[in-house]
Each structure stands twice: as structure tokens, then as C-alpha cells.
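*Asks:*
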Amino acid sequence: MQSLANGLSIGRSPCAYVSDMPSHSDTDEMFWRRTRRFSPGASIYAEGGRSGGVEVVLSGWLAEAVILRDGRRYVFSFELPGDLVRLSSPSEGRMFFALTNTTLGDADLLPASRSAGWATRLADAASRDEEQLMNHLVRVGRLTAAERVLNLLLELYDRLERVGLAKNDSFRMPITQQVFGEALGLSLVHINRTLQKLRRDNLITLRRGVVTLHDRYKLAGIACYEPWRFEAPAPAARAPAVRPNEARSWASGTVVRPPASVASHSAA
Numbered sequence: 001m002q003s004l005a006n007g008l009s010i011g012r013s014p015c016a017y018v019s020d021m022p023s024h025s026d027t028d029e030m031f032w033r034r035t036r037r038f039s040p041g042a043s044i045y046a047e048g049g050r051s052g053g054v055e056v057v058l059s060g061w062l063a064e065a066v067i068l069r070d071g072r073r074y075v076f077s078f079e080l081p082g083d084l085v086r087l088s089s090p091s092e093g094r095m096f097f098a099l100t101n102t103t104l105g106d107a108d109l110l111p112a113s114r115s116a117g118w119a120t121r122l123a124d125a126a127s128r129d130e131e132q133l134m135n136h137l138v139r140v141g142r143l144t145a146a147e148r149v150l151n152l153l154l155e156l157y158d159r160l161e162r163v164g165l166a167k168n169d170s171f172r173m174p175i176t177q178q179v180f181g182e183a184l185g186l187s188l189v190h191i192n193r194t195l196q197k198l199r200r201d202n203l204i205t206l207r208r209g210v211v212t213l214h215d216r217y218k219l220a221g222i223a224c225y226e227p228w229r230f231e232a233p234a235p236a237a238r239a240p241a242v243r244p245n246e247a248r249s250w251a252s253g254t255v256v257r258p259p260a261s262v263a264s265h266s267a268a
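With UniProt numbering applied, the sequence shown closes on residue 268, and no number is skipped along the way.
Shown next as C-alpha cells:
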């Protein structure tokens, strides 16, 4: 199966441990009473069939999906290092599967002396999940193929940058084109064609499993992407700083259209 970035096998480049990053020292494996490890492609359900348990992605990438009766799969979220996930039982109709070598830590078994702050983290995570789901619905329901690809790449960059796994407009992408298409409602052929066009137009570079985004501010305008939707909550509520002509929320009633120079990317 072809990878998103020049044929890289998804199992070759697992993400770094979150414990390597000072801002997420609580996710060091030594801190957790129980961890579970999964190989690429493994299906992941709640341990013991119990639903609602919270686990933390200590390393690796997960995808959350629904499997239809005919075997087709629809991916509606990616879980990255530092994310909190609520696993389900096989009977609930949805599942997680590992995209890379992945380690999860059981947040329900945290030592009492260290778990006081997790209630707040859970609330923040639930809020971000809601924002990501809203963005996903709009992305798949209203954006063109090129806009969908750029929008998701920008979201992944911002989330990875927040935990120290992206910098200088680049990040490692261990996702095949097939999985990427399943997350965007696009066929493998359509994804491949769209990525080739974005590369030809020098909007992105894909090389040896690394994605580079050229001028993320420009790309955000093309893809109707709003980075502040995925930032950590500020201490006090305040309106986000917006540059002149910056893409605004569809919820605000402002219609965002890409510049004429990139109108060719709006072919579905």
C-alpha cells in the first residue's frame, strides 16, 4: 500500500515518546501503572470489554473509524501523542486502529497523588474533540478535494507542534494515502491526483515520509483553516488575533473564498 509521503512504510517511523518533551513529562511510561503496546494495523478496543475508560497516547498514531457491513472503513479522527482517548467495546460499532507502533497508558489507574489535574485535562480534551469533529464535518461536507487535504495537514501540524513533534513547517506523516482518503471521503486515485497537483504548485513537499507546508498562512486561507480552534484554552476568554483578510469562521457568517490564483484547486 502506498504511503502518503513517497512510499514510506507506516511502521518505520514511529513518533517520539511524549515523555521526551518537558511539557508532557506526566506521560513518561514509568509514571503509569499499566501500559499497552500495539503494532501497526492492530485493532484497539477497551480492555476487558469495558467502555468509557480513558487512556493516553504515550507514543504513536491511532485512527478512529467505523467499519461498515460491507467492509468499507470511514476514518473520522486521528489520535496523536498526548491525546486522551475513550476506547469502546467491539459491540459499539466503532474502533481505533494503530497506524504506527503505539503505546497507551491507562489514565484510570493513575496514582492518586498525581491524578488531581486530570479532570481538567479531560474537560479540555472533550472541548477540543468537539471542535475537531465540527471541523471534520465541515471539511468533508463542504470543502473541495485540495481544500480537504490542506485543511487536515494544517490541523495535524498544529496538533503535533503543540507537543513538540513538528517544527519549521514540517512533520513526519506515517499515514498511507489509503487511510488519508478514508479520512477525507476521497478515493485512492483522487487523493493521489490531488497530492500531485499540490506538489506541482509548490504548496506542499512530500519527501521521505516528511510533509512540509509552504507558507502556512497562505494555505490556511486556501483551505478555510482556523488554527485557533485547536489551541489550548487561554486563561481568560478573548477574541483571537486576526490578520487582515484572514479566513474567518463559517459560524461567523463570513464567506471565505480562496484567491483567484488558487482557484484551480477547487476542483472536487
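Here a beta-carbon is modelled for each residue, glycine too, at the ideal position from N, C-alpha and C.
#1: Could you spell out where the beta strand (DSSP E) holding L186 opens and where it closes?
#2: Which residues bound the beta strand (DSSP E) around V75?
#3: Report buried or exposed for P90, applying the criterion of at least 16 other Cβ atoms within 10 angstroms of its Cβ.
#4: Is V149 closer than 8 Å to A107 when the C-beta atoms are compared?
#5: Per DSSP, I44 is paired with what?
#6: Under 8 Å Cβ to Cβ from L152, same chain only, skipping five residues before and after it: list those, please.
#7: Would you call N101 buried or exposed, if buried means 16 or more other Cβ atoms sit within 10 Å of its Cβ?
#8: Looking only at its chain, what residues have a beta carbon closer than 7 Å to the beta carbon of L188, apart from the 5 residues adjacent to it on each side?
#9: Where do the N-terminal and C-terminal ends of the alpha helix (DSSP H) with I222 fall, by residue?
#10: Pop quiz: I204 and H214 are said to be a contact at Cβ under 8 Å. What is the actual Cβ separation, rounded to whole angstroms?
#11: What does DSSP give as the partner residue(s) for R86 in the beta ladder?
#12: May I have the straight-line CA-CA distance separating R128 from R36, to the nearest angstrom?
#13: Along the alpha helix (DSSP H) that carries L154, what are the first and last residues, could you check?
#14: Kindly indicate which residue of V85, L219, L156 and R200 has the alpha-carbon position closest to the one of Y45.
#15: Would a C-beta distance cut-off of 8 Å place D169 and T212 closer than the cut-off?
#16: Relative to the C-alpha of A63, which residue among R142, R193, F97 and G53 is closest?
#17: Can you look up E130 in the DSSP assignment and give me helix, strand or coil?
#18: Got a sec, what are the start and stop residues for the beta strand (DSSP E) G209 sits in?
#19: Taking the beta carbon of D83 as the centre, do at least 16 other beta carbons fall within 10 Å, making it buried, or is it exposed?
#20: Helix, strand or coil for I191? Go by DSSP, reduced to three states.
#21: My understanding is that L198 touches A166, with C-beta atoms under 8 Å, so please give their C-beta distance in whole angstroms.
#22: On the CB-based measure, 16 or more other CB atoms within 10 Å of its CB, does M134 come out buried or exposed?
*Replies:* A quick look at the data gives this:
#1: Segment: none, L186 is in no beta strand (DSSP E) and carries neither H nor E.
#2: R73 to E79
#3: exposed
#4: no
#5: F96
#6: R139, F180, A183 and L184
#7: buried
#8: Q177, Q178 and G181
#9: R216 to I222
#10: 6 Å
#11: V54
#12: 24 Å
#13: A145 to R162
#14: V85
#15: yes
#16: F97
#17: helix
#18: G209 -> no beta strand (DSSP E), and no H or E assigned at all.
#19: buried
#20: helix
#21: Between A166 and L198 the Cβ distance is about 18 Å, and since that is not below 8 Å, they are no contact.
#22: exposed
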